[in-house]
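Protein chains in written order, with the working numbering: chain A, 1 to 421; chain B, 1001 to 1092. Glycine included, each C-beta is placed from N, C-alpha and C at the ideal position. Keep in mind it's a predicted model, so treat the numbers as computed, not measured. Report on the following structure.
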C-alpha cells in the first residue's frame, strides 16, 4: 500500500534472538545507519545518519529484520500523518480515513500486514492515536524506560519510543527488546532491564480495580462512548471492577502540553540551519538571512506554526505567562494521576474521543486538531505508561481503549489490555 | 472573535526571532490562527502554583576520551564543507 513507507530498504538483523523471523517497520525519525532518515520533512530529504539509534542496535541484536522507514507527520507534529512532506499515509482499517498520527505509517504498516510489528514515537499520543485509528495495539512506555539516543528530538521531556503490533503480546515482546537503561541517554532508568512484559499478556484481570476519569469520557462521541463502556463491561465480566474518578487538572492538559511541546520544539529544531544538514539554498546573504531562507523552504506549515508559537511562549514578557504556568499544570496533572492511581490499579478511557477523521478534514483548523489529543497528552505530561488496545467499532470505524498505569507499571497495563483480545 | 488578537507585525517579529522566513499568505493565516490558539492557552491563567515533586538527580560519567564519529562521517550530510570543516554563510 503506497504512502506507508518513506524509504523501503531492508536492514537484516545481525544475530539470532527473540525477534528472529519478525519484520519491523521503523518510524522515520529514528536514526538508521546508512539508511536515510527524513522525519517526514523536506529539511532532511537527503539525510543519512552515520550511526544507529540504540533501539535499532537492540532490534538488530534481537534478530529482527527492518523492512522500511515509516511515514509520519513532519517531525512528529500532527495527529493524522497528513503533514508529511512525502504525502499522507492510508488507513488500511478504514478507507478514506486518516491513519492517525504522528506514527501513522508505523500503525498502517502493521494494520496492512506489511510488517509484523513497528516502532513509533509518542510525544502526546503519537503511538496510541494511530494504534486506535488503525485497530492495532500501541504502547507509550513510562518516560525513561526506552532510550531516546538516535531519536531526532521534537520535545525531549515528553517523548518515548514505543511499539505497535497486532496483539498485546507482540507489542510487549517488542517492548522487552527495546527497553532498559542506556548510558547514551541519561534519562533512562534501570527498571526496564531484563524485562519480561510479554509473559504478563495472560488476560487475567480477576480483582483488577479500574478508575474511569469522567473528564476523559464525557467529551467523546456517542459511538465511541458506547464502545468504551462495552469494553469496560467485558473487563467486569472477567472479574475486574470499575469506579469513576475525577481529575480536575485535566482541562488544562492540552494547553499545557502544547505550550511545553512547542517551546521544546522551537529550541530543538534550531539545529536545522542548512549548514550541518538540510537543503542547499542559493540565497545570498549573512548567516541569519540564509538560515531563515533554508528554514522557510525546509519546514512545512505545521512545523513553522509550532516553532513560532514556541518561540512566542518563551519570548521576553510571555515566559511567566505561558511556559511557567504550563509547568505548574504539568505538576498538577501528575499529582492528579498519582492520587487516582492510589485508589485504582489502572485508569481507563477512550484513546481518542472520535473515530478516525476523514482524510483532509482536520488540516484547516489546527486548534481543533490539537483538542483531539485531549485523552492522550495528559499521560505524557505525567510521564506515565499507557496502552491503546482495540475495543471494537462504531459505524465500522475502529475505536481504541486506553489503559494508564503507574510509573513503570507496564506489566499491569499489558495484562489488563490482553483481557480485551 | 478572538480576545487575544495577534497582528501581522507580531508574527513577523516572532518569525524573525525564530529565523524562519514567511510569505505574506503565511503571515496572514498565522496571525488569525495564533489569536485563537493563544486564547486557548489563556486557560493556563487559572492554574494554581503547584509544588513540584520531581526527584531529579544528576547522571554523571567519567570524563575520559572515547571513540566518536570521525570527521568525514560528521561532515557527510553537510551541503558544503571545506578542509574538514562545515562551511556556512558569513556571520555578519
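Short CB-CB distance (under 7 Å) between residue i and chain B
i                     : result
residue 304 (chain A) : yes
residue 307 (chain A) : yes
residue 50 (chain A)  : yes
residue 252 (chain A) : yes
residue 212 (chain A) : no
residue 146 (chain A) : no
residue 286 (chain A) : yes
residue 291 (chain A) : yes
residue 386 (chain A) : no
residue 36 (chain A)  : no
residue 325 (chain A) : yes
residue 143 (chain A) : no
residue 81 (chain A)  : no
residue 328 (chain A) : yes
Cβ of residue i within 7 Å of any chain A Cβ
i                      : result
residue 1035 (chain B) : no
residue 1008 (chain B) : no
residue 1084 (chain B) : no
residue 1021 (chain B) : yes
residue 1001 (chain B) : Because the pLDDT at residue 1001 (chain B) is just 39, under 50, the model does not fix this residue reliably, and the value given afterwards should be weighed accordingly. By this cut-off, residue 1001 (chain B) is not an interface position.
residue 1005 (chain B) : no
residue 1056 (chain B) : no
residue 1014 (chain B) : yes
residue 1091 (chain B) : yes
residue 1025 (chain B) : no
residue 1028 (chain B) : no
Range covered by the beta strand (DSSP E) that runs through residue i
i                      : result
residue 422 (chain A)  : Look at the range of chain A in this structure, 1 to 421, and you will see that residue 422 (chain A) is not part of it.
residue 1013 (chain B) : Run containing residue 1013 (chain B): none in the beta strand (DSSP E); it sits in the alpha helix (DSSP H), 1008-1017.
residue 1054 (chain B) : Residue 1054 (chain B) -> no beta strand (DSSP E), and no H or E assigned at all.
residue 324 (chain A)  : Counting along the chain, residue 324 (chain A) falls outside any beta strand (DSSP E), and DSSP gives it neither H nor E.
residue 140 (chain A)  : 137-140
residue 5 (chain A)    : 5-7
residue 393 (chain A)  : 386-394
Distance between residue j and residue i (C-alpha atoms, nearest Å)
i                      : j                      : result
residue 372 (chain A)  : residue 352 (chain A)  : 7 Å
residue 1065 (chain B) : residue 30 (chain A)   : 27 Å
residue 367 (chain A)  : residue 165 (chain A)  : 30 Å
residue 286 (chain A)  : residue 1088 (chain B) : 9 Å
residue 1081 (chain B) : residue 145 (chain A)  : 38 Å
residue 76 (chain A)   : residue 130 (chain A)  : 12 Å
residue 220 (chain A)  : residue 134 (chain A)  : 18 Å
residue 289 (chain A)  : residue 1028 (chain B) : 21 Å
residue 204 (chain A)  : residue 413 (chain A)  : 11 Å
residue 1026 (chain B) : residue 209 (chain A)  : 50 Å
residue 115 (chain A)  : residue 1016 (chain B) : 43 Å
residue 1076 (chain B) : residue 222 (chain A)  : 53 Å
residue 408 (chain A)  : residue 356 (chain A)  : 30 Å
residue 1057 (chain B) : residue 196 (chain A)  : 27 Å
residue 302 (chain A)  : residue 47 (chain A)   : 21 Å
residue 41 (chain A)   : residue 258 (chain A)  : 20 Å
Cβ pair residue i, residue j closer than 7 Å
i                      : j                     : result
residue 149 (chain A)  : residue 176 (chain A) : no
residue 1047 (chain B) : residue 419 (chain A) : no
residue 180 (chain A)  : residue 206 (chain A) : no
residue 69 (chain A)   : residue 28 (chain A)  : yes
residue 109 (chain A)  : residue 22 (chain A)  : no
residue 431 (chain A)  : residue 78 (chain A)  : Beyond the ends of chain A as shown, which are 1 and 421, falls residue 431 (chain A); an answer cannot be given.
residue 294 (chain A)  : residue 278 (chain A) : yes
residue 200 (chain A)  : residue 411 (chain A) : yes
residue 213 (chain A)  : residue 341 (chain A) : no
residue 359 (chain A)  : residue 113 (chain A) : no
residue 139 (chain A)  : residue 387 (chain A) : yes
Status (buried if at least 16 other CB within 10 Å, exposed otherwise) for residue i
i                      : result
residue 88 (chain A)   : buried
residue 193 (chain A)  : exposed
residue 252 (chain A)  : buried
residue 182 (chain A)  : buried
residue 215 (chain A)  : buried
residue 1093 (chain B) : Residue 1093 (chain B) cannot be examined here, being either before or after the span of chain B that is shown, 1001 to 1092.
residue 249 (chain A)  : buried
residue 375 (chain A)  : buried
residue 1059 (chain B) : exposed
residue 1007 (chain B) : exposed
residue 320 (chain A)  : exposed
residue 67 (chain A)   : buried
residue 1049 (chain B) : exposed
residue 170 (chain A)  : buried
Boundaries (first-last residue) of the alpha helix (DSSP H) holding residue i
i                     : result
residue 226 (chain A) : 222-237
residue 302 (chain A) : 301-314
residue 60 (chain A)  : 54-61
residue 410 (chain A) : 410-418
residue 158 (chain A) : Looking at the DSSP string, residue 158 (chain A) is not in any alpha helix (DSSP H), and its letter there is neither H nor E.
Where residue i meets chain D, residues with beta-carbon distance less than 7 Å
i                      : result
residue 1066 (chain B) : Among the protein chains of the structure shown, namely A and B, there is no chain D.
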